[in-house]
Amino acid sequence: MTGKPLPPRPKTAKPQNLPPSGKQETTRGLGAMPSTRALRRLDTRRPPPPRTIPQPAAAAAAKEEEGSPWSQSSSSSSSSSAPAKHSAAPAAAARAGSEARAYPLRDFPGRDAAALGGAFRDNVWWLLKQWAPAATGSVSAWRALLSDERTGAFVPIFAVEELVAASPAPLCDLCRCAGWSHHWVSKRKFHFIIPKTVDWDHPSVANTLLRRSDHLLHGLIHSNGFGHLVTIRGRDGGSTVLSGCQIMDIWDRLCAALRVRAVSVVDLTRKHAVDLRLLHGVALGKTWFTRWGYCLAKGCFSVSTSTYAAALEALAALPVDYLRSRHVRRVVTIYRRLSNKPLITVREFLCCLLDWKHREPPLSPPPANTCPRLPFSLPEPCVMKRLREPYQRFEDVIDLLDCRWSKKRLLNAAEVVVGKLLEHADGPKMTRQEVRDAARGAIGDTGLLDFVIKSLSNTIVGSCIVHRVADPENRLLHFSLEKYVEPEQEPVEVEAERTPPVIRWPSTAEVERDLRAVYRAMVEARSESAQAVLDCKHWVKWWGLRDESDDQLRFVIEWRPQPWEAAELTWSMPPGDIVVVPLHASIGELLVEAENALRDSYCCFEEFHAEALDGIAGEKWDPVMLGGAESGDTIGVHGHGANMKTGLRCQGGVDAWVVRCVCGAQDDDGERMLACDVCNVWHHTRCVGIADDQPVPPLFLCMVCSGALMAAGPIVNEVITVPVK
1 MTGKPLPPRP
11 KTAKPQNLPP
21 SGKQETTRGL
31 GAMPSTRALR
41 RLDTRRPPPP
51 RTIPQPAAAA
61 AAKEEEGSPW
71 SQSSSSSSSS
81 SAPAKHSAAP
91 AAAARAGSEA
101 RAYPLRDFPG
111 RDAAALGGAF
121 RDNVWWLLKQ
131 WAPAATGSVS
141 AWRALLSDER
151 TGAFVPIFAV
161 EELVAASPAP
171 LCDLCRCAGW
181 SHHWVSKRKF
191 HFIIPKTVDW
201 DHPSVANTLL
211 RRSDHLLHGL
221 IHSNGFGHLV
231 TIRGRDGGST
241 VLSGCQIMDI
251 WDRLCAALRV
261 RAVSVVDLTR
271 KHAVDLRLLH
281 GVALGKTWFT
291 RWGYCLAKGC
301 FSVSTSTYAA
311 ALEALAALPV
321 DYLRSRHVRR
331 VVTIYRRLSN
341 KPLITVREFL
351 CCLLDWKHRE
361 PPLSPPPANT
371 CPRLPFSLPE
381 PCVMKRLREP
391 YQRFEDVIDL
401 LDCRWSKKRL
411 LNAAEVVVGK
421 LLEHADGPKM
431 TRQEVRDAAR
441 GAIGDTGLLD
451 FVIKSLSNTI
461 VGSCIVHRVA
471 DPENRLLHFS
481 LEKYVEPEQE
491 PVEVEAERTP
501 PVIRWPSTAE
511 VERDLRAVYR
521 AMVEARSESA
531 QAVLDCKHWV
541 KWWGLRDESD
551 DQLRFVIEWR
561 PQPWEAAELT
571 WSMPPGDIVV
581 VPLHASIGEL
591 LVEAENALRD
601 SYCCFEEFHA
611 EALDGIAGEK
621 WDPVMLGGAE
631 SGDTIGVHGH
641 GANMKTGLRC
651 QGGVDAWVVR
661 CVCGAQDDDG
671 ERMLACDVCN
681 VWHHTRCVGI
691 ADDQPVPPLF
701 LCMVCSGALM
711 AAGPIVNEVI
721 TVPVK
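With the UniProt record's numbering, letter number 600 in the sequence shown gets 600, and the count goes up by one each step, no holes.
Below you can see the structure in the form of structure tokens.
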């Protein structure tokens with residue numbers, strides 16, 4: 001968020017007189033019957049079914065590569081939840097002359113890692129033991145290589161451990177924007193990074209990984225298994241070996257193998273000034289991240305899932321002929337002839353353009369159109385009128401421009417420039433700087449003004465033609481106006497043929513130009529629906545608890561606070577942690593594992609001591625399976641030692657600051673906000689009429705406070721009025 005500074009991070013709560021913590025007594029029944037599922041697990045004579053290796057979620061472009069013969073990767077250490085070791089590392093790693101372990105690109109992170117069954121906090125340490133330590137300063141880092149058999153390239157991937165207590169930013173803003181403000185602050189963050197290509201041969205790059213933002217891949221995972229996809233860049237972002245789909249496959253397989261619970265991403269992908277979440281959503285009905293199982297987490301500005309779906313449908317069903325763009329209406333006829341399809345809606349036209357980018361031109365001209373709905377054949381020999389117009393209208397030029405401003409703002413700025421030229425029509429020609437200075441008072445955005453002045457050259461704006469000529473002596477640009485007169489129509493006899501005329505096959509650059517034109521015309525026609533789709537940028541993928549048919553029991557452990565501890569909480573309770581114990585573990589062993597899970601994962605539980613469990617009956621030496629709980633159940637943990645006074649408690653901070661915007665938002669969604677100076681309630685700047693490029697006012701009052709102040713105005717004036725003597 002930008003603009004007015006974010007609310008200060010919550011400070012440590014003041015110490016209070018706490019009541020003596022008495023141990024909570026629990027009554028346990030010794031005669032609890034084991035469940036049917038537990039009895040089945042006791043049948044140890046039957047060997048467990050073979051563990052299935054989850055297949056990587058590869059993109060559709062990589063399906064043809066699944067049959068490639070990849071060598072098995074090696075394992076240098078063992079784990080209770082990992083399968084047996086494989087053979088030695090591939091010979092490609094030896095050729096690379098590096099101590100880092102090398103994985104086949106399409107088998108990363110290896111078959112042994114894919115069979116891990118523990119929690120993330122255990123799996124990540126097992127994996128990092130297989131990697132080589134990287135030379136770093138104050139942080140711990142590891143390094144591995146991904147070998148691409150097709151190109152022979154070795155792609156480095158780094159893992160960096162960040163200790164939250166020593167971090168300059170211990171609280172995670174990504175968690176706060178993803179709706180995870182109530183999560184406990186983890187003790188460690190693990191960063192998985194593929195640096196940009198030019199840094200692959202520099203071993204010292206590991207020292208500056210966390211201070212840079214130009215990585216090809218940057219994923220962050222907290223020790224509790226919740227993570228964020230921070231950065232991903234494909235070939236358009238500087239990658240010379242890996243495509244965006246390949247990098248996304250690497251990240252998705254890594255998260256699945258390590259048993260990550262959920263990963264959020266802020267979808268801000270743009271390509272050629274086009275927002276891909278809007279383009280793919282309208283054309284394909286899903287975003288780019290949806291291929292890997294990501295779904296909409298929440299919309300900004302209180303946009304709901306139903307509103308998002310309705311906005312997509314409204315844009316997709318928009319008729320192409322409804323678009324107010326001459327360029328679009330002109331090129332849609334060409335694509336209708338080439339594709340032999342009617343292309344009625346915007347979705348059909350966008351799908352055609354996206355498919356056309358990857359088509360090769362045919363060796364022979366396309367056949368004649370046979371679509372009954374599109375009679376493109378010209379009539380019998382007739383007389384047609386041909387227009388000869390050497391100038392282009394500015395609204396047509398806009399459709400071909402690649403910029404960030406809307407068509408309406410560009411047209412308004414052009415009219416302002418023409419108006420200033422009309423005021424000096426009787427004088428000499430105006431230079432570019434003179435035009436800029438004259439229009440500067442009416443156009444606050446200097447970037448917009450410079451872009452419009454650059455684009456006004458032999459163009460028609462209103463009833464005038466704008467001429468731009470360079471002085472041959474000093475090369476200064478001079479602007480002048482000429483009254484526009486409609487060109488005469490010359491009757492020309494055209495011999496119509498029985499077959500349609502041959503249409504030139506559009507190039508890739510022309511298809512991308514037409515794609516941008518359709519995109520901008522669609523946004524202009526349905527601006528509210530397009531804005532609703534663009535406001536949905538927070539996506540998440542959930543893995544959840546995967547309980548498999550193996551010799552492990554998995555439980556979700558939730559901390560049960562005591563009454564005085566619950567009074568200190570300003571957020572709702574976060575999700576529990578996953579604990580994995582052997583099949584014949586006792587209740588006491590489960591209690592120890594639950595205590596270790598909380599102490600190893602979170603800052604506020606470093607001195608926590610577990611005392612009792614809820615949801616399972618029996619003594620500490622009784623088997624877990626005889627306590628009435630099944631694998632996958634949620635177990636409550638009682639104890640003492642949780643630090644409720646530390647500032648590193650929840651990702652949203654200790655103080656629950658209030659968001660109550662007029663759009664309906666009640667939580668931070670990552671958008672620009674400012675707080676009322678009276679009630680300290682936060683609002684979106686866009687919702688209160690402040691544009692993103694405008695500064696926030698020094699004093700801001702919300703509608704409630706300003707209305708109350710206006711209502712109390714006469715009373716205040718009467719009270720403070722000094723009588724005249």
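Every residue, glycine too, gets a C-beta built ideally from N, C-alpha and C.
Item	Value
If you count every other CB in all the chains shown that lies within 10 Å of the CB of Met248, and 16 or more means buried, which is it?	buried
Could you give the residue range of the alpha helix (DSSP H) that holds Glu558?	No alpha helix (DSSP H) contains Glu558, which is instead part of the beta strand (DSSP E) from 552 to 559.
Around the Cβ of Pro109, are there at least 16 other Cβ atoms within 10 angstroms (buried) or fewer (exposed)?	buried
With distances taken from CA atoms, which of Leu699, Phe700, Thr685 is nearest Asp693?	Thr685
Per DSSP, what kind of secondary structure is Met522 in: helix, strand or coil?	helix
With which residues is Leu477 paired in a DSSP beta bridge?	Ala470
Smallest Cα separation from His358: which of Pro561, Thr290, Trp505?	Trp505
Could you give the DSSP three-state label for Cys464: helix, strand or coil?	strand
Provide the residue span of the beta strand (DSSP E) that contains Gly639, from first to last.	634 to 640
Between the alpha carbons of Trp70 and Ala134, how many angstroms are there, rounded?	Reliability of the predicted coordinates at Trp70 is poor, the pLDDT of 30 falling under 50, and the value obtained from them is presented with this limitation in mind. Cα to Cα, Trp70 sits roughly 26 Å from Ala134.
DSSP beta-bridge partners for Thr459?	Gln392, Val466
Per DSSP, which residues does Met430 bridge with? Please list them.	Phe479
Answer yes or no: does any C-beta atom of chain D fall closer than 9 Å to that of Lys483?	No chain D appears in the structure shown, which is made up of a single protein chain.
Please report the distance separating the alpha-carbon of Cys245 from that of Leu350.	21 Å
Give a yes or no on contact between the region 251 to 261 and the region 223 to 232, applying the rule of three or more CB pairs nearer than 8 Å.	yes
Can we say the region 535 to 547 touches the region 292 to 299, given the rule of at least three CB pairs closer than 8 Å?	yes
Give me the DSSP bridge partner(s) of Leu674.	His683
Alpha carbon to alpha carbon, how far is Cys663 from Leu709? Give it in angstroms, no decimals.	22 Å
Using CA atoms only, rank isn't needed, just tell me which of Gly588, Gly641, Cys255 is closest to Glu607.	Gly641
Which residue comes first and which comes last in the beta strand (DSSP E) that contains Glu162?	154 to 163
Just mark Ala91 as buried or exposed, buried being the case when its beta carbon has 16 or more other beta carbons within 10 Å.	Residue placement at Ala91 cannot be trusted, given a pLDDT of 36 that sits under 50; the coordinates are not used to answer.
Leaving out the 5 sequence neighbours to the left and right, which residues in its chain are closer than 8 Å to Asp600 when beta-carbon positions are compared?	Arg121, Lys187, Ser223
Taking the C-alpha atoms as reference points, what is the distance between Leu128 and Ala159?	8 Å
Are the Cβ atoms of Glu589 and Met573 separated by less than 9 Å?	no
Tell me which residue opens and which closes the alpha helix (DSSP H) that Pro361 is part of.	First-last for Pro361: undefined, no H or E at that position.
Excluding sequence positions up to five away, which residues of its chain have a Cβ less than 8 Å from the Cβ of Cys352?	Tyr335, Ser339, Lys341, Leu343
Which of helix, strand or coil does DSSP assign to Cys663?	coil
In chain order, which alpha helix (DSSP H) runs of at least 4 residues are fully inside the region 330 to 358?	346 to 356
Would residue 813 be called buried (16 or more neighbouring beta carbons within 10 Å of its own) or exposed?	The question about residue 813 has no answer, for the chain in this structure spans 1 to 725.
Nearest to Asp214 by alpha carbon, out of His202, Gly237, Phe192?	Gly237
With the cut-off set at 9 Å, would you say Trp682 and Cys661 are in Cβ contact?	yes
Which value, in whole angstroms, describes the spacing of the CA atoms of Val251 and Ala113?	Inspection of the sequence shows that residue 251 is occupied by Trp rather than by Val. Roughly 14 Å separates the two Cα atoms.
Keeping to the same chain, check which residues put their C-beta closer than 7 Å to that of Ser302; ignore five residues upstream and five downstream.	Cys663, Gly664, Ala665
Consult DSSP for Thr240 and reduce its assignment to one of helix, strand or coil.	coil
Identify the continuous alpha helix (DSSP H) that holds Lys407 and give its terminal residues.	407 to 423
Using the Cβ count rule (16 or more neighbours within 10 Å means buried), how would you classify Arg546?	exposed
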